[in-house]
Amino acid sequence: MRRMTREWADGQAILNWSWAGTAVFTVTAVAATIAPGWFEWPAVVVALLLFAGGMITMAWAFLVAVERSRTEAIGIGGLYFGAGSAPPE
498 MRRMTREWAD GQAILNWSWA GTAVFTVTAV AATIAPGWFE WPAVVVALLL FAGGMITMAW
558 AFLVAVERSR TEAIGIGGLY FGAGSAPPE
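Under our numbering, the first residue of the sequence shown carries the number 498, and numbering increases by one thereafter.
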């Protein structure tokens with residue numbers, strides 16, 4: 498498996514891209530609400546690109562989980578809901 502940079506390994510890059518996507522979506526959605534004639538198509542394109550990016554990220558995360566499941570026991574709760582990922586208080 499290829500080596501990950503520290504930024505990708507700890508998930509910070511995904512969080513940064515998530516915030517950037519949220520900001521772009523918010524700006525285009527508000528602009529499309531105020532002036533639909535000008536910003537309707539840019540808002541649709543941004544929404545569809547974010548949707549496609551989310552599908553690709555979900556597929557990538559699933560494949561990482563499949564690879565990880567070969568060496569560790571992973572339940573559905575841990576895979577999709579993060580159950581058992583935080584230490585008990």
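No residue lacks a Cβ here, since even glycine has one placed at the ideal position from N, Cα and C. All values reported here derive from a predicted model rather than from experimental measurement.
Please state if the CB of residue j and the CB of residue i are separated by a distance shorter than 8 Å.
i: ILE562; j: ILE573; result: In the sequence on display, residue 562 carries Ala and not Ile. For ALA562 and ILE573, no; Cβs fall outside 8 Å.
i: ALA528; j: ALA517; result: no
i: LEU547; j: PHE522; result: yes
Under the rule that 16 or more other beta-carbon atoms within 10 Å means buried, what is residue i, buried or exposed?
i: VAL543; result: buried
i: THR525; result: buried
i: MET498; result: At MET498, the pLDDT of 46 sits below 50, so the modelled position is not reliable; the number obtained from the coordinates is stated separately. So MET498 ends up on the exposed side.
At a cut-off of 7 Å, would you count residue i as near the ligand MN, judging by its Cβ distance to the nearest heavy atom?
i: PHE522; result: By its list of ligands, the structure shown contains no ligand whatsoever, and the ligand MN lies outside what it can speak to.
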